[in-house]
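Chains as they are written, first to last, in our numbering: chain A, 1 to 123; chain B, 1 to 202. For glycine and all other residues, C-beta sits at the position ideal for the given N, C-alpha and C. Below is one structure; the comments refer to it alone.
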Amino acid sequence: MSVPLLIVDDSGFARKQVIRALPKGWDVEISQAGNGVEALEQIEQGKGEVVLLDLTMPVMDGYGVLEAIRARDLPAVVIVISGDIQPEAEARVMRLGALAFIKKPLNTEQLSQILSDFGIHSA
Amino acid sequence: MDSEVLDEDLRDCLQELSNVAVGRAADLLARLLDTFVIMPIPVVNLMERAELSMALSSVQGSHSVSAVCQGFTGSKISGEALLIFNDASFTDMAELTHFEGEITEQIELELLMDIANILIGACLKGLAEQLDISFSQGQPYLLGQHINIDELLSKNQSGWKRLLTIELPYKLEGRLVNCDLLLLFTNDSLAILRDKVSYMLE
């Protein structure tokens, strides 16, 4: 069964880069969101069992999404993919329950490794 | 080359490349000042120089600003970086750098130059690396201290009428520090940038 995968980034270009970096042969049903509010709507509709989340976004940022997922107890596993590489940014998202933190520009091998480490997808 | 346009795909791509570059600059600044930098969302535009003052959202309304300018060039891309500080920022900036004593104009200048070196250098390097080019940077120079935005922009007349602008409004968490890093590229640079990123846009 395909995994509902939600890619959240305000940049369509960045979302495309993430889609390109997904492991080949991973059976996913991809949805996309351009900000945190859209992301939460889609997660509530069951489209984001796994979420690849950008931090710096208009309307609602990635921190807001993580807080809401926790507050509403939504069933989503979140990997943050961020241009904000301050150690404090990583510490904050990890405290908010993110599974992992990946720095942009996105490295395909690193994404595959993390998906495999957490048993989400093994090539 | 007045026909150059900034289509949505290119604008979005440049915004994302800037976002990554800005992240590196923010990381350096955060480490230097031991503070948290609120990441700006880069604003990419193509505009006439005359429109520039309206674009400076972060320091807009500040009666008094200080600014540094630094030219850069490489791979037929050229432009200049402007770092504009709201003068109200200097008290907090001095505190963050553990400066004790009277904040004279000379101290402000030193703070301005230090921050400019870090932010402009890291940002340009981050952009250049992603574009697989390198920029050489000119000497930074002071555009003015304690002047208003209009005065500032009138001092910065490089003769380019149409510009590609990337605006990066930085803020520090819990601090009254407002600064705008503005990257201005010549209109001719736009075609080269488009060419450099074309493979990413496919």
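The three-state reading of DSSP puts Arg-95 of chain A in helix, counting H, G and I together.
Minimum Cα-Cα distance from Val-80 of chain A among the listed residues A:Asp-73, A:Ala-71, A:Leu-74 and A:Ala-91 corresponds to A:Ala-91. As the crow flies, the alpha-carbon of Arg-194 of chain B is around 10 angstroms from that of Cys-13 of chain B. Apart from the 5 residues on each side of it in sequence, Val-177 of chain B sits with its Cβ closer than 7 angstroms to the Cβ of Ser-89, Asp-92, Met-93 and Lys-171 in its chain, given in chain order. Look at Ala-14 of chain A: its C-beta is under 8 angstroms from a C-beta on chain B.
Taking C-beta atoms as the reference points, Asp-9 of chain A and Asp-54 of chain A count as a pair closer than 8 angstroms. Residues of chain B whose Cβ lies closer than 7 angstroms to the Cβ of Gly-25 of chain A do not exist; the shortest such Cβ separation is about 22 angstroms. Close to Asn-45 of chain B, with beta-carbon spacing below 8 angstroms, lies no residue of chain A; the smallest spacing is near 16 angstroms. Residue-level contact check: Asp-132 of chain B does not touch chain A, since none of the beta carbons of chain A fall below 8 angstroms from its beta carbon. In chain order, Ser-11, Phe-13 and Ala-14 make up the part of chain A whose C-beta sits under 7 angstroms from the C-beta of Glu-16 of chain B.
For Asp-84 of chain A, the closest C-alpha among the options A:Val-18, A:Trp-26, A:Ser-122 and A:Val-93 is that of A:Val-93. For the pair Gly-12 of chain A and Glu-100 of chain B, the Cα-to-Cα distance works out to about 47 angstroms.
By the Cβ-count criterion, Met-57 of chain A is buried, with 16 or more other Cβ atoms from all chains shown falling within 10 Å of its own Cβ. Within the region 93 to 147 of chain B, the complete alpha helix (DSSP H) runs of at least 4 residues fall at 105 to 131. Rounded to whole angstroms, Lys-103 of chain A and Leu-143 of chain B show a C-alpha spacing of 35 angstroms.
Interface with chain B (8 angstroms Cβ-Cβ cutoff): Gln-32 of chain A is excluded. When A:Leu-111, A:Leu-96 and A:Val-78 are compared, the shortest CA-CA separation from Lys-47 of chain A is found for A:Val-78. The beta carbon of Ile-69 of chain A does not come within 8 angstroms of any beta carbon belonging to chain B, so the residue lies off that interface. Residue state for Pro-169 of chain B is assigned as strand, using DSSP reduced to three classes.
The contact set of Asp-84 of chain A on chain B, defined by CB atoms closer than 7 angstroms, consists of Gly-23, Ala-26 and Met-39 in chain order. Of all residues in the region 90 to 112 of chain A, those with a C-beta nearer than 7 angstroms to a C-beta of chain B are Lys-104 and Pro-105, reading in chain order. Across the region 177 to 192 of chain B, no CB contact with chain A closer than 8 angstroms is found for any residue. In this structure, the CA atom of Ile-147 of chain B is about 29 angstroms from the CA atom of Gly-23 of chain B.
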